[in-house]
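*Asks:* Quick note, the sequences are listed as chains G and R, same order. Sequential numbering of the first sequence, starting at 1, is according to the UniProt record's numbering. Sequential numbering of the second sequence, starting at 1, is according to the UniProt record's numbering.
There are 2 protein chains.
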Amino acid sequence: MADIVPPPPNGSLMLAWQVKNKHVLVVGAGDVALSRVDHLLQANAKITVVTGESVHPILRKYHEMGLLEDLIVRNFRLSDLKLYEPKNIRQRVMELDHDSDEDNDDGEIAALSEEAVKLIEEFEQCKFKMVLTCINDYPLSLRIWQKCKGLGIDVNLADKPANCDFYFGSVYRQGPLQIMISTNGKSPRLCNRIKTKMLIPMFEVLDLESAVENLGYLRFQLQKVYHPGDDTKVIKERMEWNRKITDFYSIQDWCVMKHESIDKILKLYPEFPSADTLK
Amino acid sequence: MADIVPPPPNGSLMLAWQVKNKHVLVVGAGDVALSRVDHLLQANAKITVVTGESVHPILRKYHEMGLLEDLIVRNFRLSDLKLYEPKNIRQRVMELDHDSDEDNDDGEIAALSEEAVKLIEEFEQCKFKMVLTCINDYPLSLRIWQKCKGLGIDVNLADKPANCDFYFGSVYRQGPLQIMISTNGKSPRLCNRIKTKMLIPMFEVLDLESAVENLGYLRFQLQKVYHPGDDTKVIKERMEWNRKITDFYSIQDWCVMKHESIDKILKLYPEFPSADTLK
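1. Strictly below 8 Å CB to CB, what residues from chain R border residue 63 of chain G?
2. Should residue 268 of chain G be labelled buried (16 or more other beta-carbon atoms within 10 Å of its own) or exposed?
3. Considering residue 23 of chain G, what are the terminal residues of the beta strand (DSSP E) in which it resides?
4. For residue 67 of chain R, does the three-state DSSP call read helix, strand or coil?
5. Does the contact criterion of 3 or more C-beta pairs under 8 Å hold for the segment 205 to 213 of chain G versus the segment 174 to 187 of chain G?
6. Alpha carbon to alpha carbon, what distance is there between residue 112 of chain R and residue 7 of chain R?
7. Determine the DSSP secondary structure at residue 200 of chain R, reduced to helix, strand or coil.
8. Does residue 66 of chain R have its Cβ less than 8 Å from a Cβ in chain G?
9. Buried or exposed, going by whether 16 or more other CB atoms sit within 10 Å of the CB of residue 19 of chain G?
10. Would you list, in chain order, the members of the segment 207 to 229 of chain R that have their beta-carbon closer than 7 Å to a beta-carbon of chain G?
11. Taking 7 Å as the cut-off, is the CB of residue 7 of chain G close to at least one heavy atom of the ligand SAH?
12. Would you list, in chain order, the members of the segment 126 to 157 of chain R that have their beta-carbon closer than 8 Å to a beta-carbon of chain G?
13. For chain R, find out if any of its Cβ atoms is closer than 8 Å to the Cβ of residue 257 of chain G; answer yes or no.
14. Is the CB of residue 238 of chain R under 8 Å away from at least one CB in chain G?
15. Who are the neighbours of residue 186 of chain G on chain R, taking C-beta pairs under 8 Å?
16. Of the residues G:46, G:27, G:30, which one's Cα is nearest the Cα of residue 10 of chain R?
17. Which term fits residue 110 of chain R, buried or exposed, when burial requires 16 or more other beta carbons within 10 angstroms of its beta carbon?
18. Applying the criterion that 16 or more other CB atoms from any shown protein chain within 10 Å of the CB defines a buried residue, is residue 258 of chain G buried or exposed?
19. Just reading off the alpha helix (DSSP H) that residue 265 of chain R is part of, what are its end residues?
20. Tell me where the beta strand (DSSP E) around residue 168 of chain G begins and ends.
21. Taking Cβ-Cβ distances shorter than 9 Å, what residues in chain G pair up with residue 273 of chain R?
22. If distances are taken between C-alpha atoms only, which option among R:253, R:91, R:203 comes closest to residue 150 of chain R?
23. Could you tell me which chain G residues have their CB closer than 9 Å to the CB of residue 167 of chain R, listed as they occur along the chain?
24. Three or more beta-carbon pairs under 8 Å between the segment 146 to 162 of chain R and the segment 144 to 159 of chain G, yes or no?
25. Please report the straight-line C-alpha distance between residue 253 of chain G and residue 225 of chain G, rounded to a whole angstrom.
26. Residues of chain R with a CB under 7 Å from the CB of residue 4 of chain G: which are they?
27. Give every residue of the same chain whose Cβ lies closer than 6 Å to the Cβ of residue 76 of chain G, excluding the five residues on either side of it in the sequence, and list them in chain order.
28. Quick check on residue 88 of chain R: buried or exposed, where buried means 16 or more other Cβ atoms within 10 Å of its Cβ?
29. Can you name the start and end residues of the alpha helix (DSSP H) that residue 35 of chain R belongs to?
30. Is residue 194 of chain R buried or exposed, if buried means 16 or more other CB atoms sit within 10 Å of its CB?
31. Determine the chain R residues that contact residue 197 of chain G at a beta-carbon separation under 8 Å, and present them in chain order.
32. Could you tell me which chain G residues have their CB closer than 7 Å to the CB of residue 204 of chain R, listed as they occur along the chain?
33. Give the C-beta separation of residue 32 of chain G and residue 62 of chain G to the nearest angstrom, bearing in mind that I take them to be a contact with Cβ-Cβ under 8 Å.
34. Can you tell which of G:3, G:17, G:4, G:196 has the C-alpha that lies nearest to the C-alpha of residue 169 of chain R?
35. In the DSSP assignment, find the unbroken beta strand (DSSP E) run with residue 16 of chain G in it and report its ends.
36. Can you give me the start and stop residues for the beta strand (DSSP E) that residue 235 of chain R sits inside?
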């Protein structure tokens, strides 16, 4: 235990955020807003843009194509932060919290009523999950940040790192594979260069989308046909074999493998194939 | 405008989350909890671990080393989700929100009092920014999720993607540079392989920490000495030159450059150096 070296600090927490079908608000409609919307479209967010200024033609086009939840061209109002919340839903959820605030003396945690759970799920669907301001009006941006903090909404104020719950980075994507490069705000341009000069040349010659699909097929067949079952032991065995078989072939192999070859590999389960199986 | 191709959907929103000096709660203390804590330590979070089970020896060691805010070994209580919130602060912030709920008729958005802003900032510091459950008790995890949704806290339940605001990925790090690889939950093992077999061999021969430091020095000197000023035109000129000079040299060049060479480049501002400046 003497040689425990904790991870070095002063980085970011790199995360793949899930905003599929969740409301996200973008304030402003210029170049930065367009870049934010492009990120959000990749994650299937329900995007609402509020802007009092002129609208980027591509954002307007996105709206015409039905890609935005809404494009509202008028001055921002603080009440926009609860745009899709039915009247009183927030208060009702808060009161729910208050009711269940005390843990039982015996350490048991009481379950919520079905009605209460539904209310929480409804609230989760109607509230904004995040708010991104992309405007030059810092006092307004800051006022939005303040209100969001009270409402429990994550915020990014463009160009104001101190008021950002999260930063964007350079992202390379190929189907389900996504790679984000960040220098923790220190050199966004270098991130872009690393993406362009190092990642793209290395990854564009590979069909990683097929590799992911192939590994998904392998896992699915293993679970449904070759080693089904839900108990902990079986799940553990599957995970172990999956891990080892993924490492058994090269990334390049997985990119070009056919389902017939995967079927052959599966038939050997729980053994591992000989090195020349794919030849 | 006919050829606008929106970004492909069905991915994640890749983000660098900022939890420096913010409270984060980890429920559980096994292998998964340790992995979460390692991610969080990289981002300087104030980590509290609550666990009724046995504690991973490395987590115990981390606590002894003073790396954790707290390690609480007892059954989880719902009130733990407000562990660091002074009594009534949440309610006072909510009431604040209620007071300022209406926008003025003339479209002006009223500023908050200094006292109110302080209260919001205090709340932001004392509330949990995120909660990560790493336990086998799904009903309890789900109950924690429900309460967090009411409290405006982001949540990740290990192994329950449907209840996760975010996923973790494989992360390669070199100083301030961080690269996250994700397949959107489809093949974590492939992410690990891509990191090990593709990214590490390519990046370990480069001193990217120096590249980031060098570009930071260049930017700082440009702003303080060679082209100071705060007006929009000057900032734009600096950004433009910065962008172009970053691209002028290769990533490899920036990794090995000396400050004397950077000073030479800066003296040429706003010109660009000839191709053999570094020779």
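For glycine and all other residues, C-beta sits at the position ideal for the given N, C-alpha and C.
*Replies:* Short version:
1. Walking along the first sequence from the start, residue 63 of chain G turns up at place 63. Those within 8 Å of residue 63 of chain G in chain R number zero; the least Cβ separation is about 11 Å.
2. Counting from 1 along the first sequence, the entry for residue 268 of chain G is found at position 268. Exposed, by the Cβ-count rule.
3. Taking the first residue of the first sequence as position 1, residue 23 of chain G is located at position 23. Where residue 23 of chain G is concerned, the enclosing beta strand (DSSP E) stretches over 23 to 27.
4. Within the second sequence, the letter at position 67 stands for residue 67 of chain R. Coil, per DSSP.
5. yes
6. For the purposes of this step, residue 7 of chain R is identified with residue 7 of the second sequence, where counting begins at 1. For the purposes of this step, residue 112 of chain R is identified with residue 112 of the second sequence, where counting begins at 1. Spanning the two alpha carbons is a distance of roughly 39 Å.
7. As a working note, residue 200 of chain R is residue 200 in the second sequence. Correct three-state label for residue 200 of chain R: helix.
8. Your numbering for residue 66 of chain R matches position 66 in the second sequence. No, residue 66 of chain R lies away from the interface with chain G (no Cβ there is under 8 Å from its Cβ).
9. The sequence position of residue 19 of chain G within the first sequence is 19, counting from 1. Residue 19 of chain G should be labelled buried.
10. So the close ones are 211, 212, 215, 216.
11. In the structure on display, the ligand SAH does not appear, and there are no ligands present to speak of.
12. 129, 139, 140, 143, 146, 147, 149, 150, 151, 152, 153, 154
13. What you label residue 257 of chain G is simply residue 257 of the first sequence in a count that begins at 1. No, no contact with chain R.
14. Along the second sequence, read from residue 1 onward, the residue named residue 238 of chain R stands at position 238. Not one chain G Cβ lies under 8 Å of residue 238 of chain R.
15. Your numbering for residue 186 of chain G matches position 186 in the first sequence. The answer, in chain order, is 176, 212, 215, 216.
16. Mapped onto the second sequence, residue 10 of chain R falls at position 10. When only C-alpha atoms are compared, the closest one is G:46.
17. Locating residue 110 of chain R in the second sequence gives position 110, counting from the first residue. Residue 110 of chain R comes out exposed.
18. Residue 258 of chain G sits at position 258 when you count from the first residue of the first sequence. It counts as exposed.
19. Within the second sequence, numbered from 1, the residue matching residue 265 of chain R stands at position 265. Residues 259 to 267.
20. Against the first sequence, residue 168 of chain G aligns to sequence position 168. Here residue 168 of chain G belongs to no beta strand (DSSP E), and DSSP marks it neither H nor E.
21. Numbered from its first residue, the second sequence carries residue 273 of chain R at position 273. Those do not exist, as residue 273 of chain R stays about 17 Å from chain G at its closest Cβ, beyond 9 Å.
22. Reading the second sequence from its first residue, position 150 is the one you call residue 150 of chain R. Answer by Cα proximity: R:91.
23. What you label residue 167 of chain R is simply residue 167 of the second sequence in a count that begins at 1. Those within 9 Å of residue 167 of chain R in chain G are 15, 16, 17, 18.
24. Three or more pairs of CB atoms, one per stretch, sit closer than 8 Å, so the segment 146 to 162 of chain R contacts the segment 144 to 159 of chain G.
25. What you label residue 253 of chain G is simply residue 253 of the first sequence in a count that begins at 1. What you label residue 225 of chain G is simply residue 225 of the first sequence in a count that begins at 1. Those two C-alpha atoms are separated by around 23 Å.
26. Along the first sequence, one-based indexing puts residue 4 of chain G at 4. What residue 4 of chain G touches in chain R: 58, 61.
27. Looking up residue 76 of chain G in the first sequence gives position 76. Result list for residue 76 of chain G: 27, 50, in chain order.
28. As a working note, residue 88 of chain R is residue 88 in the second sequence. Counting Cβ neighbours within 10 Å, residue 88 of chain R comes out exposed, since fewer than 16 surround it.
29. As a first step, residue 35 of chain R is located in the second sequence; it is residue number 35 there, counting from the start. Here the alpha helix (DSSP H) through residue 35 of chain R covers 31 to 42.
30. For the purposes of this step, residue 194 of chain R is identified with residue 194 of the second sequence, where counting begins at 1. Per the 10 Å Cβ criterion, buried.
31. For this step, residue 197 of chain G is matched to residue 197 along the first sequence. Correct list: 250, 251.
32. On the second sequence, residue 204 of chain R is found 204 positions in, with the first residue counted as 1. What residue 204 of chain R touches in chain G: nothing, since even the nearest Cβ is about 13 Å away.
33. For the purposes of this step, residue 32 of chain G is taken as residue 32 along the first sequence, with counting starting at 1. For the purposes of this step, residue 62 of chain G is taken as residue 62 along the first sequence, with counting starting at 1. Going by Cβ atoms, the distance from residue 32 of chain G to residue 62 of chain G rounds to 15 Å, so no, they are not a contact pair.
34. Reading the second sequence from its first residue, position 169 is the one you call residue 169 of chain R. Per the Cα distances, G:17.
35. Numbered from 1 along the first sequence, position 16 holds the residue referred to as residue 16 of chain G. Here the beta strand (DSSP E) through residue 16 of chain G covers 13 to 17.
36. Sequence index remark: in the second sequence, residue 235 of chain R carries index 235 (1-based). Looking at the DSSP string, residue 235 of chain R is not in any beta strand (DSSP E); the run it does join, the alpha helix (DSSP H), is 232 to 248.
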